[in-house]
Amino acid sequence: MNTNINLSILNSKINLLNLSPKKMQLFLTSMGAKNFTSEQIMKWIYNYHCYDFNKMLNISKIIRQKLNQNSYINISNFSEEKISSDGTIKWITSLKNQKVETVYIPEEKRSTLCISSQIGCSLKCDFCATGKQGFNRNLTVSEIVSQILQAKKKLKNKKITNIVFMGMGEPLLNLNNVVTVLEIILNKNGFGLSKRRITLSTAGIIPAIDKLSQKIDVNLAVSLHASNNSIRDLIMPINKKYNIESLLNSVSRYLKNSSANHNGVTIEYVMLKNINDSIENAYELADILKKIPSKINLIPWNSFKNSNFISSTTNRINTFANILRNKGFNTTIRKNRGKDINAACGQLTGNVINYSKNNL
Numbered sequence: 001m002n003t004n005i006n007l008s009i010l011n012s013k014i015n016l017l018n019l020s021p022k023k024m025q026l027f028l029t030s031m032g033a034k035n036f037t038s039e040q041i042m043k044w045i046y047n048y049h050c051y052d053f054n055k056m057l058n059i060s061k062i063i064r065q066k067l068n069q070n071s072y073i074n075i076s077n078f079s080e081e082k083i084s085s086d087g088t089i090k091w092i093t094s095l096k097n098q099k100v101e102t103v104y105i106p107e108e109k110r111s112t113l114c115i116s117s118q119i120g121c122s123l124k125c126d127f128c129a130t131g132k133q134g135f136n137r138n139l140t141v142s143e144i145v146s147q148i149l150q151a152k153k154k155l156k157n158k159k160i161t162n163i164v165f166m167g168m169g170e171p172l173l174n175l176n177n178v179v180t181v182l183e184i185i186l187n188k189n190g191f192g193l194s195k196r197r198i199t200l201s202t203a204g205i206i207p208a209i210d211k212l213s214q215k216i217d218v219n220l221a222v223s224l225h226a227s228n229n230s231i232r233d234l235i236m237p238i239n240k241k242y243n244i245e246s247l248l249n250s251v252s253r254y255l256k257n258s259s260a261n262h263n264g265v266t267i268e269y270v271m272l273k274n275i276n277d278s279i280e281n282a283y284e285l286a287d288i289l290k291k292i293p294s295k296i297n298l299i300p301w302n303s304f305k306n307s308n309f310i311s312s313t314t315n316r317i318n319t320f321a322n323i324l325r326n327k328g329f330n331t332t333i334r335k336n337r338g339k340d341i342n343a344a345c346g347q348l349t350g351n352v353i354n355y356s357k358n359n360l
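Under the UniProt record's numbering, the first residue of the sequence shown is numbered 1, with each subsequent residue one higher.
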């Protein structure tokens with residue numbers, strides 16, 4: 001693939017990586033191709049990593065010529081790689097003077113790719129390094145998909161079993177592009193993953209949660225991080241617009257239409273010493289979730305520069321978890337992975353310059 005593409009020529013062409021499976025088919029049939037041609041081309045791109053139309057020999061010569069005239073395939077390449085002592089890998093994509101981070105987490109029975117959906121984040125959660133960087137822009141479909149394609153290329157024969165939208169940014173503030181990526185991930189000619197192998201994490205953009213439920217079905221994870229509105233208001237500014245009660249109501253609506261979330265929604269809860277980790281907070285959390293089918297993931301806070309938070313002690317986290325378990329909740333404590341390369345939860349920063357604002 002030629003990465004030095006003339007941008008003036010491309011202005012009138014379409015990058016096929018930005019197209020959903022349906023739009024891919026419409027684009028191809030508009031130039032006279034058969035319906036199944038879009039499936040063939042998706043296989044070339046997402047299964048065989050072929051980005052040269054001239055090498056797609058089961059596509060008719062006429063269609064290949066039209067593809068070269070009207071479209072291109074351009075991937076955003078990884079520019080840096082960092083490997084943790086625990087096997088976690090962080091890749092960085094450089095987009096002009098911005099950086100986007102992607103993390104691969106290998107485990108015994110699964111391997112998870114954590115992808116980003118925005119450059120930076122506008123939500124400004126106090127405990128998250130990404131939020132402290134400011135917000136630049138949404139990633140395009142091709143820029144998100146490129147993270148998966150490049151990871152697969154780097155990993156070679158190693159399989160990606162799960163994909164999580166838990167990297168930089170709030171996925172539901174880039175809803176349309178994220179839904180298109182999800183359609184590609186789910187498509188049998190795309191990445192072919194089961195909807196139960198895909199998780200989208202959100203801080204709680206209620207209108208977008210409702211829209212998501214009408215568009216596609218995947219696992220939902222909610223960054224709750226507090227047992228009451230007073231605490232959440234302090235550490236997550238989004239709560240002043242969409243409070244806990246309204247957020248949990250939207251989660252209930254999503255679960256009614258979801259078969260992916262067969263074990264309930266994942267509740268993410270970062271453990272902050274003397275902020276949200278008291279015994280009372282544990283009982284309070286159990287109470288507000290009693291009507292929500294859920295599994296709770298407690299996250300030891302990962303430090304970053306110029307932050308005043310302290311992670312809860314191991315004993316306190318275990319006590320907190322046991323209270324929730326005794327209340328009947330499936331509760332896990334997240335392992336710190338990739339901390340030595342700043343790849344752990346809440347540590348992804350890139351190099352974001354705050355050019356614009358994202359309306360919540």
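Ideal Cβ placement from N, Cα and C applies to all residues, glycine included. Keep in mind it's a predicted model, so treat the numbers as computed, not measured.
Span separating the alpha-carbon of residue i from that of residue j
i	j	result
residue 248	residue 311	26 Å
residue 196	residue 295	14 Å
residue 234	residue 96	34 Å
residue 13	residue 259	38 Å
residue 61	residue 154	31 Å
residue 120	residue 257	31 Å
residue 309	residue 340	18 Å
residue 76	residue 26	25 Å
residue 363	residue 52	What the structure shows of the chain is the stretch from 1 to 360, and residue 363 is not part of that stretch, so it cannot be assessed.
residue 211	residue 57	40 Å
residue 35	residue 24	10 Å
residue 177	residue 206	18 Å
residue 304	residue 345	11 Å
residue 82	residue 32	45 Å
residue 228	residue 204	14 Å
residue 114	residue 54	33 Å
residue 313	residue 275	12 Å
residue 104	residue 222	21 Å
residue 67	residue 187	22 Å
residue 282	residue 334	17 Å
residue 160	residue 109	11 Å
residue 98	residue 112	24 Å
residue 220	residue 174	16 Å
residue 217	residue 37	26 Å
Sub-9 Å separation of residue i and residue j beta-carbons
i	j	result
residue 93	residue 142	no
residue 299	residue 264	no
residue 71	residue 15	yes
residue 209	residue 251	yes
residue 201	residue 268	yes
residue 199	residue 239	no
residue 407	residue 101	With the chain covering 1 to 360 only, the question about residue 407 has no answer from this structure.
Span of the alpha helix (DSSP H), counted from its first residue to its last, around residue i
i	result
residue 211	206–215
residue 27	21–29
residue 191	Careful: residue 191 lies outside any alpha helix (DSSP H) and carries neither H nor E.
residue 328	Residue 328 -> no alpha helix (DSSP H), and no H or E assigned at all.
Bounding residues of the beta strand (DSSP E) (the contiguous stretch that carries residue i)
i	result
residue 300	294–300
residue 135	135–138
Of the residues the options, the one placed nearest residue i, counting alpha carbons only
i	options	result
residue 226	158, 212, 297 and 198	297
residue 122	101, 163, 170 and 151	170
residue 284	40, 83, 321 and 238	321
residue 152	49, 307, 238 and 110	49
residue 127	236, 44, 45 and 28	236
residue 214	254, 84 and 43	254
| said: Closer than 8 Å is the cut-off here; do at least three beta carbon pairs connect the segment 167–185 with the segment 13–25? | reply: yes
| task | Check whether the segment 128–142 touches the segment 186–202, counting contact only when three or more Cβ pairs, one atom from each stretch, lie closer than 8 Å. | result | no
| message | Across the segment 88–103 and the segment 311–320, are there enough close Cβ pairs to call them in contact, namely three or more that are closer than 8 Å? | response | no
| request: For the segment 146–157 and the segment 326–343, state whether three or more C-beta atom pairs, one from each stretch, are separated by less than 8 Å. | output: no
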